[in-house]
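To start, the structure under review is shown below, and the notes come after it.
Residue numbers (this note's numbering): 22 to 100.
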């Protein structure tokens, strides 16, 4: 019986800042949806591997502040 992990409501991670190849830093939100991972074996032990299909929608919101405190709706430049 292989171990199976099925995500049902989505896994949302904290907002972060990513640096683009040209050096620009932009806010980024990461979410994992519809994950179905299956493992080889019936127990977690050293060498256990698993993987599967998933959907990763990426999006940014105006409420996120970049490292300089700027944002679309919030931040020192909107005060």
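Yeah, the Cβ is synthetic: ideal placement off N, Cα and C, and Gly gets one too.
Nearest neighbour of residue 32 by Cα position, chosen from 56, 71 and 67, turns out to be 56.
C-alpha of residue 69 to C-alpha of residue 34: approximately 25 Å in a straight line. In the three-state reduction of the DSSP assignment, residue 52 falls in the strand class, which pools E and B. Sixteen is the threshold: since fewer than 16 other Cβ atoms of the shown chains lie within 10 Å of the Cβ of residue 42, the residue is exposed.
For the options 77, 90, 75 and 61, the alpha carbon positioned closest to that of residue 25 is the one of 61.
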